[in-house]
Amino acid sequence: MLMYIAIAVAVFVLIVALILFISTRPAVFRVERSAQISAPGDVVFSIINDLHQWHRWSPWEKLDPNMQKTFEGPTTGPGSSHAWKGNKKVGSGRNTILDSKSPEFISMKLEMFAPFACTNQVTFRLAPVDGGTKVTWIMEGRNNFMAKGFSCIMNMDKMIGKDFEEGLANLNTVTQSASR
Numbered sequence: 411m412l413m414y415i416a417i418a419v420a421v422f423v424l425i426v427a428l429i430l431f432i433s434t435r436p437a438v439f440r441v442e443r444s445a446q447i448s449a450p451g452d453v454v455f456s457i458i459n460d461l462h463q464w465h466r467w468s469p470w471e472k473l474d475p476n477m478q479k480t481f482e483g484p485t486t487g488p489g490s491s492h493a494w495k496g497n498k499k500v501g502s503g504r505n506t507i508l509d510s511k512s513p514e515f516i517s518m519k520l521e522m523f524a525p526f527a528c529t530n531q532v533t534f535r536l537a538p539v540d541g542g543t544k545v546t547w548i549m550e551g552r553n554n555f556m557a558k559g560f561s562c563i564m565n566m567d568k569m570i571g572k573d574f575e576e577g578l579a580n581l582n583t584v585t586q587s588a589s590r
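Numbering (the working numbering), first residue to last: 411 to 590.
Next comes the structure, spelled out in structure tokens:
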């Protein structure tokens, strides 16, 4: 009987220790990648600011060619919204442009509904450089308890960062052909 009590106490202590450890994880996250795009800022801005054109460069588009997409609001700029529902690789969500200023920045609200619910801030910053435009893609959000636990086994920067790098490379290809 004492052995069962000792095992139960040990399991309880481990669970409490795990909960305490998870609660100490960062409450926020930030993923940021930059790349030089070989096109003028107004060309780059016009492609990012038009959610109808994201299929041309978004790294997630190729993961589900049968993804269902809907668009609401104006074609470009604040109020423009893109919703999708796809396979388990892309899940479902909505991206809404909150603010944009050509050719400097675009600010968005990213809402994920599946595979897990979250709301994040996405920003594209554009700056002129020799030979084109430096584009910085940033995603910031809050970590709830489940996200904190997930961060113990998976690094958000490594998980999403490679997709940002691929998207920026795709954006470079798309904008080069658009600026010719």
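Think of the CB as a built atom: it goes at the ideal place given N, C-alpha and C, for glycine as much as any other residue. All of these numbers come straight from a predicted model, not from anything done at the bench.
query: One or two residues paired with K544 in a DSSP bridge; result: Q446, A537
query: Contact belief for E442 with I548 at Cβ below 8 Å, rounded distance in angstroms; result: 5 Å
query: Beta strand (DSSP E) segments (min. 3 residues) lying fully within the region 509–534; result: 515–524
query: Secondary structure of S490, DSSP reduced to three states; result: coil
query: In DSSP terms, what T485 is bridged to; result: According to DSSP, T485 bridges with nothing at all.
query: Distance, R535 Cα to T546 Cα; result: 5 Å
query: Residues near S468 in its chain [Cβ-Cβ closer than 8 Å; skip 5 each side]; result: G577, N580
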